[in-house]
Ligand SMILES: NC(=O)c1ccc[n+]([C@@H]2O[C@H](COP(=O)([O-])OP(=O)(O)OC[C@H]3O[C@@H](n4cnc5c(N)ncnc54)[C@H](OP(=O)(O)O)[C@@H]3O)[C@@H](O)[C@H]2O)c1
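In this note's numbering, the protein residues as written are 332 to 575.
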C-alpha cells in the first residue's frame, strides 16, 4: 500500500460508487480527502463514515458558477480524481438521439474537462489528475457508440495533457461494468440479470466492485512514474463483444 500521508486529494463524485471506494482506500493510505457531489446529505453521511481525514464540499460540478466557487472554497490540493457519472448516450446507434448524446457529453466530458482545467490554479506541481472514463471507449460493444465517443474524448486528453502539464501527471482508469448505484436506473431484477450476463461473458467471470477500480486509481496517484496512461480495469470485458 502507498504511503500518502500529507497528500490532499479532491475526489469529484466522491459520495458514491467508485469515488467513495477511492476515498476509503486513500484514507487507509493516510491521505486527506475532499469529497464533492451534489447531494449534501449523502456527503455528510460519507464524511461521518470516513472520519477526520475527510472533508466535503457540495456543488454541482456541471454548473460553472458553482464549480468555480467550490474549487475556490477547497483551495490547494495535490491530486484530483474525476469520478463523475453522466449516464446518457447509451443505445443502439440507429436510435440514440442527438439531444441524449449531447447531454451525455455535457454531464461527463465537459465536466471532466472543466474540472481539470479549473483545478490547475489549485493543483500541486508534484500532483496528478486521474480521470475515470469507461471501457466502452476501448471495446466493440453494440449499443455503446455514444458512450464510447464520450469516454474516448476524455481518454484522448490523457497523453497530450501528460506532456503539456508536466511535471504534474495525468492518467485515466477505464472501468468495465462495476456494481455501483450508477445502475440504479434499472430495477433490482433487471440489474441482477444484466450483471449475470456481463459476468458470464467477462473473462474474469464477474462484474467489478468499486474497490477494484479504486485500487487502480490509487496506484496511479501513488506511483510517481505513471503518467500519460489509461489503465484498463474491466476484467477483460473489452476483449469480448457484449451489448448493453
Ligand atoms: N458503474 C459502472 O459500471 C461504470 C462503468 C464504466 C465507467 N464508469 C464510470 O465511473 C465513474 C464513477 O461512476 P459510479 O459507477 O461510481 O457512479 P455513481 O455511483 O453513480 O457515483 C457518481 C458520483 O458522481 C456524483 N455526481 C454526479 N454528477 C455530479 C455533478 N454534476 N457534480 C458533482 N457530483 C456529481 C454523484 O453524487 P451526486 O448524485 O450527489 O451528485 C456520485 O458521488 C463515472 O465516470 C462512470 O461513468 C462506471
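Glycine included, every Cβ here is placed at the ideal spot set by N, Cα and C.
The structure presented is a predicted model; accordingly, all values stated were derived computationally and were not measured.
message: My assumption, with CB atoms under 8 Å, is that residue 468 sits in contact with residue 505. Please give the rounded CB distance.
response: 6 Å
- prompt: Would you say the beta carbon of residue 548 comes nearer than 7 Å to a heavy atom of ligand 1?
  reply: Checking every heavy atom of ligand 1 against the Cβ of residue 548, none is found closer than 7 Å.
query: DSSP on residue 562, reduced to helix/strand/coil?
result: strand
- request: Grab me the residues of residue 542's own chain with a C-beta within less than 6 Å of its C-beta, minus the 5 sequence neighbours each way, in chain order.
  value: 352
message: Any heavy atom of ligand 1 closer than 7 Å to the beta-carbon of residue 349?
response: yes
- prompt: Roughly how many angstroms lie between the CA atoms of residue 339 and residue 511, to the nearest whole one?
  reply: 25 Å
- prompt: If residue 366 and residue 411 are in contact, beta carbons under 8 Å, what's the gap, nearest whole angstrom?
  reply: At roughly 12 Å, the Cβ-Cβ gap does not stay under 8 Å, so residue 366 and residue 411 are not in contact.
message: Helix, strand or coil for residue 341? Go by DSSP, reduced to three states.
response: strand
- request: For the alpha helix (DSSP H) containing residue 482, list its first residue and its last residue.
  value: 476 to 495
- prompt: What separation, rounded to the nearest whole angstrom, lies between the Cα atoms of residue 461 and residue 445?
  reply: 14 Å
Inter-residue Cα distance where the pair is residue 561 and residue 531: 25 Å
task: Could you check which residue in 356, 364, 435 and 383 has the C-alpha nearest to that of residue 393?
output: 435
- request: Tell me where the beta strand (DSSP E) around residue 365 begins and ends.
  value: 363 to 368
task: Just mark residue 281 as buried or exposed, buried being the case when its beta carbon has 16 or more other beta carbons within 10 Å.
output: There is no way to answer for residue 281, as the model of the chain reaches only from 332 to 575.
task: Examine ligand 1 and report whether any of its heavy atoms sits within less than 7 Å of the Cβ of residue 395.
output: no
message: Rounded to whole angstroms, what is the Cα-Cα separation between residue 370 and residue 398?
response: 14 Å
- request: Enumerate in chain order the residues of its own chain whose CB-to-CB distance from residue 388 is below 7 Å, with the five nearest sequence positions on each side excluded.
  value: 365, 367, 401, 404 and 405
query: What is the DSSP secondary structure of residue 506, counted as helix, strand or coil?
result: strand
field: Euclidean distance between Cα positions of residue 527 and residue 354
entry: Straight across, the Cα-Cα distance linking residue 527 with residue 354 is about 28 Å.
- prompt: Do residue 579 and ligand 1 come close, with the Cβ less than 7 Å from some heavy atom?
  reply: One cannot answer for residue 579 here, as it falls past the ends of the chain, which runs 332 to 575.
message: For residue 360, list the residues DSSP reports as bridge partners.
response: None; residue 360 has no bridge partner.
- prompt: Just to confirm, does residue 412 get its C-beta within under 7 Å of one of the non-hydrogen atoms of ligand 1?
  reply: no
query: Cα-Cα, which of 459, 380, 407 and 432 is closest to residue 413?
result: 459
message: Using only the alpha-carbon positions, how far apart do residue 415 and residue 523 sit?
response: Between residue 415 and residue 523, the alpha-carbon positions lie close to 23 Å from each other.
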